[in-house]
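Sequential numbering from 315 applies to the sequence shown in our numbering. Even for Gly, the Cβ is constructed at its ideal location relative to N, Cα and C. Given the structure is predicted, the values throughout are model-derived calculations rather than measurements.
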Amino acid sequence: MPEGFRPTVARSTTFPHLTHAYTQVASVVRERGLLRRAYGFYGGVGAVLLAGFAGALAGFVLLGHSWFQLLIAAGLGVLLTQTAFLTHEAAHKQVLAGGRANDRLARILACGVVGVSLSWWENKHNRHHANPNKVGKDPDIEIDTISFVEEDAATATGLRRLITRRQGWLFFPLLTLEGLNLHRLGLQHLLGREKVDKRWQEIVLIAVRFAAFWIPVFWLLPIGMAFAFVGVQLAVFGVYMGASFAPNHKGMPVIGRDAKLDFFSKQVRTSRNVRGGWWATSLMGGLNYQIEHHLFPSMPRPQLAKARQLVREQCRELDVPYAETSLFRSYAIVVRYLNEVGLAARDTFECGMVAQYRRV
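What follows is the structure, given as structure tokens:
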């Protein structure tokens with residue numbers, strides 16, 4: 315099988331239990347100070363983002379009624395994705411020393427800049443971290459147009475079945491709608507009936523954000539150009555976000571509902587790193603070190619590369635697979651994996667024997 319590729323059916327068997335694997339490597343991580351805050355680094359990231367937004371604003375004003383505004387929109391999509399990476403790190407308590415300070419920063423960035431509900435994101439993301447790629451536990455592999463396990467693909471009907479059968483090839487085109495989907499899911503969460511922490515704070519922040527971002531666009535640009543501006547920004551944001559998160563777990567083992575794994579095995583076996591060093595770290599906001607991030611969620615971005623050396627050595631000693639590949643190879647794995655899952659949505663009138671041999 316290709317590097318990093320795994321069968322599409324959930325595993326219900328138990329992996330070898332490694333009771334002390336995590337405590338051993340965690341002890342070394344603490345001794346080397348790899349959980350220490352990196353204020354200078356994050357201060358620099360914040361300064362670059364502020365400069366980028368200031369440049370985008372200046373370009374927007376100077377260009378006026380020009381279709382070159384779509385370049386500003388694309389740049390804005392990149393800046394918002396980079397802000398989302400910083401939000402993700404603040405939510406994991408990586409940026410500031412205090413938990414409340416990190417929460418405030420994450421809420422301001424998520425709701426007031428990116429325009430996505432932090433409470434919705436944290437609820438979903440924390441469940442993912444607790445049980446990555448586990449059926450019934452990880453919301454990231456639940457059905458959302460795309461099916462990530464064969465059992466879900468087999469239930470597809472109508473338009474979703476047509477999409478599911480070619481979902482690997484359609485995955486990246488569909489990401490152009492993911493930015494809009496993230497805004498929708500966040501608002502749906504905030505306006506729902508279930509209890510939401512800081513509901514009104516988030517609603518107010520998101521309302522102010524959308525007014526500050528989009529009123530000038532529709533006020534200063536012709537209506538067609540304004541809609542094109544919004545469309546390009548959302549498309550770039552969605553593709554960039556999806557392309558950064560997809561390589562992390564898609565195509566890695568999917569764990570059955572009843573499987574029992576220790577923490578170290580669960581996090582390492584279901585995660586994939588992306589090679590590339592500093593440029594990949596900058597491009598993906600540290601998500602390229604997904605294994606280390608899952609083992610040490612509060613570890614600042616600059617320390618992940620050092621932790622990688624320790625984790626790789628531990629995996630080598632314990633004979634635990636450590637998945638790492640190039641960025642484009644990871645995309646090829648994701649596309650093939652999704653296409654394999656999508657075969658379960660074959661035509662219901664198709665001969666079962668033919669379908670069986672086609673999937674061998």
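When C-beta atoms of the stretch 341-351 are compared with those of the stretch 606-616, three or more pairs fall below 8 angstroms, so the two segments count as touching. The alpha-carbon separation between L632 and L624 amounts to approximately 12 angstroms. If you look at H406, you'll find it isn't in any alpha helix (DSSP H); DSSP assigns it neither H nor E. Annotation for V546: L384, A387 and A388 place their beta carbon closer than 6 angstroms to its own, counting only its chain and skipping 5 residues before and after. Rounded to whole angstroms, the Cβ separation of A398 and V428 is 5 angstroms, and the two are in contact under 8 angstroms. Membership of R351 in any alpha helix (DSSP H) is not indicated, and neither H nor E is assigned to it by DSSP.
Taking every protein chain shown into account, the CB of V518 has fewer than 16 other CB atoms within 10 angstroms, so this residue is exposed. Bridge partners of T639 according to DSSP: V588.
Judged by beta-carbon spacing, R660 lies within the 8 angstroms limit of R479, meaning their Cβ atoms are closer than that value. Counting other Cβ atoms within 10 Å of its Cβ, S461 reaches 16 or more and is therefore classed as buried.
Excluding five sequence positions before and after I457, the CB atoms of its chain that fall closer than 6 angstroms to its own CB belong to D466, given in chain order. Here H503 is buried: its Cβ has 16 or more other Cβ atoms, across all protein chains shown, within 10 Å. Around the beta carbon of P635, fewer than 16 other beta carbons sit within 10 angstroms, so the residue counts as exposed. One thing to note: P446 has its Cβ within 8 angstroms of the Cβ of S585. When Cβ pairs closer than 8 angstroms are counted between the two stretches, the stretch 563-573 is seen to touch the stretch 435-450, the count reaching three or more. Taking the Cα of L491 as reference, the smallest distance to any Cα among Q515, S380, G556 and F527 is reached at G556. Residue pairing by DSSP places D458 opposite I460 in a beta bridge.
The three-state reading of DSSP puts K580 in helix, counting H, G and I together. For a cut-off of 8 angstroms, the C-beta gap from E508 to S433 is around 10 angstroms, too long to register as a contact. With 16 or more other Cβ atoms from the protein chains shown falling within 10 Å of its own Cβ, E638 counts as buried.
The Cβ atoms of L496 and V430 sit closer than 8 angstroms to each other. Across the structure, L394 and I455 are spaced so that their CA atoms are roughly 24 angstroms apart.
DSSP places P536 outside both helix and strand once states are collapsed to three, so it counts as coil. The C-beta distance from L410 to L400 rounds to 12 angstroms, too long to fall under 8 angstroms, and the pair is not in contact. Judged by their CB atoms, F367 and P614 are not nearer to each other than the 8 angstroms cut-off.
I605 is a Cβ neighbour of V582, given a cutoff of 8 angstroms.
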